[in-house]
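**Q** Chains as they are written, first to last, in the working numbering: chain G, 66 to 254; chain W, 66 to 254. Ideal Cβ placement from N, Cα and C applies to all residues, glycine included. None of the values given here were measured: they were computed from a predicted structure.
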DNA sequence: ACACTCATGTAAGCTGTTACATGATTAA
DNA sequence: TTAATCATGTAACAGCTTACATGAGTGT
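Written as structure tokens, this is what we have:
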């Protein structure tokens, strides 16, 4: 469900690329996702091709190996948009959400806001749960547990505040330059 | 490497339990880890038994099904401590780190501090990377990418500040009651 | 001579998941 | 009688990873 598959499709939606190009692209996003090994990327490309979501063209390389350049099809575009529209399960790791954001931000601002709102709710719920657990903790609670709880609570609080800030700004108007860097810096310095 | 395996072992180090008990215990920690399905838990117990890290005793239940109660062995205790002592790879998800913290906090405060310091370094590095990426962003950077970057940056900043606060407090003295709740609240309200 | 980048792939394994299967006891 | 709790497990699959394999060209 995290699906590198769709993330790759999202990259191909921007421009046609070979497997190697994709790996380089993904390395540039290493702050977000650990670059997939060829062992996962190439099979994914074959599946996308098999399912008709991409086309493949062999571009002979002069002085270098041939490249298989993949480009997205209309069906692929539909599949991508449908995937972006789908809600993200609360259990999904943060990275899955960031990947969704990244793709949604390139496609539809209303879907983007929808995702942010949904995330705000999910984090709000888990924040409440954490706070209950923290309040229920007493001197019998193990130190490790107390630490872990406080850690998780601090992060949930920060995430919540970031989401609220961004949602407020987005409700005032569309995404503009300079709107973002300030959000994180202001809320944390 | 995340290893539910060792987390289960850590639970058994506190008191002997049956598979069912463990599942209940883990449900109580659902804010930390999604309770493993029986499909992953029972095979793990069999492995631990096979490797001599736990013992198993069948406790016949009157009026209810028999229970297989597992208890940790000396070898299991050694394996657990050795695991807790191992550094956590930077690529590990946050949850893996929290699990480590939780176990380490119950075992050795020096190892706990070691883990926190190591995490501080790792988050510091990724924070620096994120900040570089954020500074390199210009008006050509896609909105999705800007958002995702800022999101990740805000979280890394919050995590860093929590870690610094806790490490400072721990350097002044051992973990005491009331030391924690304040940490997250102070840094976020 | 050695290592690195370009470029593609396969095989085996790890760590988990979902869904299924079984069967007794207790509460609504 | 229907559902929930107690208690154990299997089978199949998902989504990766690591390590291996191949081969040309370029730089030191």
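Rounding to the nearest angstrom, what Cα-Cα distance links residue 102 (chain W) and residue 160 (chain W) in this structure?
**A** For the purposes of this step, residue 102 (chain W) is identified with residue 37 of the second chain, where counting begins at 1. For the purposes of this step, residue 160 (chain W) is identified with residue 95 of the second chain, where counting begins at 1. Roughly 17 Å separates the two Cα atoms.
**Q** Per DSSP, what kind of secondary structure is residue 112 (chain G) in: helix, strand or coil?
**A** Mapped onto the first chain, residue 112 (chain G) falls at position 47. Residue 112 (chain G) falls in the helix class under three-state DSSP.
**Q** Comparing the C-beta of residue 80 (chain G) with each C-beta of chain W, is any distance below 7 Å?
**A** One-based indexing of the first chain puts residue 80 (chain G) at position 15. Not a single CB atom of chain W sits nearer than 7 Å to the CB of residue 80 (chain G).
**Q** Taking contact to mean 3 or more Cβ pairs, one atom from each stretch, closer than 8 Å, check whether the region 163–177 of chain W and the region 198–216 of chain W are in contact.
**A** no
**Q** I'd like to confirm something about residue 184 (chain G): is its beta-carbon nearer than 6 Å to some heavy atom of the ligand MN, or not?
**A** With respect to the ligand MN, the structure offers nothing, as it holds no ligand at all.
**Q** Please compile the residues from chain G whose C-beta is within a distance smaller than 8 Å of the C-beta of residue 168 (chain W).
**A** Stepping through the second chain from its first residue, residue 168 (chain W) is reached at position 103. Per Cβ cutoff of 8 Å: 209.
**Q** Which first and last residues belong to the alpha helix (DSSP H) in which residue 132 (chain G) is found?
**A** Position 67 of the first chain, counted from the first residue, corresponds to residue 132 (chain G). First-last for residue 132 (chain G): 132–137, but that is the beta strand (DSSP E), not the alpha helix (DSSP H).
**Q** To which residues does DSSP link residue 83 (chain W) through a beta bridge?
**A** For the purposes of this step, residue 83 (chain W) is identified with residue 18 of the second chain, where counting begins at 1. Per DSSP, W:134.
**Q** Over the uninterrupted beta strand (DSSP E) stretch that includes residue 119 (chain W), give me the two end residues.
**A** Position 54 of the second chain, counted from the first residue, corresponds to residue 119 (chain W). Segment 119–124, the beta strand (DSSP E) holding residue 119 (chain W).
**Q** Out of G:177, G:73 and G:104, state which residue places its alpha-carbon closest to the alpha-carbon of residue 144 (chain G).
**A** Within the first chain, residue 144 (chain G) is the residue found at index 79, counting from 1. Per the Cα distances, G:73.
**Q** I want to verify the contact list: residues of chain G whose CB lies under 7 Å from the CB of residue 220 (chain W), in sequence order.
**A** As a first step, residue 220 (chain W) is located in the second chain; it is residue number 155 there, counting from the start. Per Cβ cutoff of 7 Å: 220, 223 and 224.
**Q** Since residue 223 (chain G) and residue 223 (chain W) are thought to touch, with beta carbons under 8 Å apart, how far apart are those beta carbons, to the nearest angstrom?
**A** Locating residue 223 (chain G) in the first chain gives position 158, where the first residue counts as 1. Locating residue 223 (chain W) in the second chain gives position 158, where the first residue counts as 1. Right, their Cβ atoms sit about 3 Å apart.
**Q** Could you give the distance in angstroms between the alpha-carbon of residue 189 (chain G) and the alpha-carbon of residue 181 (chain G)?
**A** In the first chain, the residue the question calls residue 189 (chain G) occupies position 124. In the first chain, the residue the question calls residue 181 (chain G) occupies position 116. Residue 189 (chain G) and residue 181 (chain G): Cα-Cα distance of roughly 12 Å.
**Q** Select from W:85, W:237 and W:167 the residue whose C-alpha is nearest the C-alpha of residue 131 (chain W).
**A** As a working note, residue 131 (chain W) is residue 66 in the second chain. The shortest Cα separation from residue 131 (chain W) among W:85, W:237 and W:167 belongs to W:85.
**Q** Helix, strand or coil for residue 174 (chain G)? Go by DSSP, reduced to three states.
**A** As a position in the first chain, residue 174 (chain G) is number 109, starting the count at 1. Correct three-state label for residue 174 (chain G): helix.
**Q** Taking residue 163 (chain W) as the query, report the chain G residues whose CB atoms sit under 8 Å from its CB, ordered along the chain.
**A** Stepping through the second chain from its first residue, residue 163 (chain W) is reached at position 98. Those are 213, 216 and 217, listed as they occur along chain G.
**Q** Can you name the start and end residues of the alpha helix (DSSP H) that residue 98 (chain G) belongs to?
**A** Taking the first residue of the first chain as 1, we reach residue 98 (chain G) at position 33. Unbroken run through residue 98 (chain G): none, as it is neither H nor E.
**Q** If we cut at 7 Å on Cβ distances, does residue 253 (chain W) have a partner in chain G?
**A** Translated into positions along the second chain, residue 253 (chain W) becomes position 188. Residue placement at residue 253 (chain W) is poorly supported in this model, since its pLDDT is 45, which falls under 50; the coordinates are not used for a value here.
**Q** DSSP on residue 205 (chain W), reduced to helix/strand/coil?
**A** Numbered from 1 along the second chain, position 140 holds the residue referred to as residue 205 (chain W). Note: residue 205 (chain W) maps to coil in three-state DSSP.
**Q** Looking at chain G, is there any beta carbon in it that lies within less than 7 Å of the beta carbon of residue 73 (chain W)?
**A** Taking the first residue of the second chain as position 1, residue 73 (chain W) is located at position 8. Not one chain G Cβ lies under 7 Å of residue 73 (chain W).
**Q** So what's residue 238 (chain W) in DSSP terms, helix, strand or just coil?
**A** Residue numbering aside, residue 238 (chain W) sits at position 173 when the second chain is read from its first letter. Note: residue 238 (chain W) maps to coil in three-state DSSP.
**Q** For residue 151 (chain W), does the three-state DSSP call read helix, strand or coil?
**A** Stepping through the second chain from its first residue, residue 151 (chain W) is reached at position 86. Here residue 151 (chain W) sits in coil by DSSP.
**Q** What are the residues in the region 91–122 of chain W lying within 7 Å of chain G by C-beta distance?
**A** 96, 97 and 99
**Q** Whole angstroms is fine: what's the gap from residue 238 (chain G)'s alpha carbon to residue 216 (chain W)'s?
**A** Position 173 of the first chain, counted from the first residue, corresponds to residue 238 (chain G). Position 151 of the second chain, counted from the first residue, corresponds to residue 216 (chain W). Computed Cα separation, rounded: 19 Å.
**Q** Using a Cβ-Cβ cutoff of less than 7 Å, which residues in the same chain neighbour residue 133 (chain G) once the five nearest sequence positions on both sides are dropped?
**A** Working through the first chain from its first residue, we reach residue 133 (chain G) at position 68. Here the set comprises 83, 84, 121 and 123.
**Q** Any idea if residue 108 (chain G) is buried or exposed, counting beta-carbon neighbours within 10 angstroms, 16 or more meaning buried?
**A** Taking the first chain and counting its residues from 1, the one referred to as residue 108 (chain G) is at position 43. Counting Cβ neighbours within 10 Å, residue 108 (chain G) comes out exposed, since fewer than 16 surround it.
**Q** Look at the Cβ atom of residue 176 (chain G), then the Cβ atom of residue 149 (chain G), and state whether they are nearer than 7 Å.
**A** The residue you call residue 176 (chain G) lines up with position 111 of the first chain. The residue you call residue 149 (chain G) lines up with position 84 of the first chain. Contact check for residue 176 (chain G) against residue 149 (chain G) passes: the beta carbons are separated by less than 7 Å.
**Q** Quick check: the Cα distance between residue 78 (chain G) and residue 100 (chain G), rounded to an integer number of angstroms?
**A** Residue numbering aside, residue 78 (chain G) sits at position 13 when the first chain is read from its first letter. Residue numbering aside, residue 100 (chain G) sits at position 35 when the first chain is read from its first letter. Computed Cα separation, rounded: 19 Å.
**Q** Between the alpha carbons of residue 70 (chain W) and residue 106 (chain W), how many angstroms are there, rounded?
**A** Here the question's residue 70 (chain W) lines up with position 5 in the second chain. Here the question's residue 106 (chain W) lines up with position 41 in the second chain. Computed Cα separation, rounded: 8 Å.
**Q** Give the DSSP-derived three-state secondary structure of residue 215 (chain G) in the structure shown.
**A** In the first chain, counting from the first residue as 1, residue 215 (chain G) sits at position 150. Three-state DSSP puts residue 215 (chain G) in a helix.
**Q** If you measure beta-carbon to beta-carbon, which residues of the region 121–149 of chain W are closer than 8 Å to chain G?
**A** none
**Q** Is residue 126 (chain G) buried or exposed, if buried means 16 or more other CB atoms sit within 10 Å of its CB?
**A** As a working note, residue 126 (chain G) is residue 61 in the first chain. Classification for residue 126 (chain G): exposed.
**Q** Taking 7 Å as the threshold (C-beta atoms), are residue 221 (chain W) and residue 192 (chain W) in contact?
**A** Taking the second chain and counting its residues from 1, one reaches residue 192 (chain W) at position 127. Taking the second chain and counting its residues from 1, one reaches residue 221 (chain W) at position 156. Yes.
**Q** How big is the Cα-Cα spacing for residue 81 (chain G) and residue 230 (chain G)?
**A** Reading the first chain from its first residue, position 16 is the one you call residue 81 (chain G). Reading the first chain from its first residue, position 165 is the one you call residue 230 (chain G). If you draw a straight line from the Cα of residue 81 (chain G) to the Cα of residue 230 (chain G), it comes to about 36 Å.
**Q** Does the Cβ of residue 111 (chain G) have 16 or more other Cβ atoms within 10 Å, making it buried, or fewer, making it exposed?
**A** One-based indexing of the first chain puts residue 111 (chain G) at position 46. It counts as exposed.
**Q** Can you pull the chain G neighbours of residue 158 (chain W), defined as C-beta to C-beta under 9 Å?
**A** As a first step, residue 158 (chain W) must be located in the second chain, where it is residue number 93. In chain order: 158, 159 and 160.
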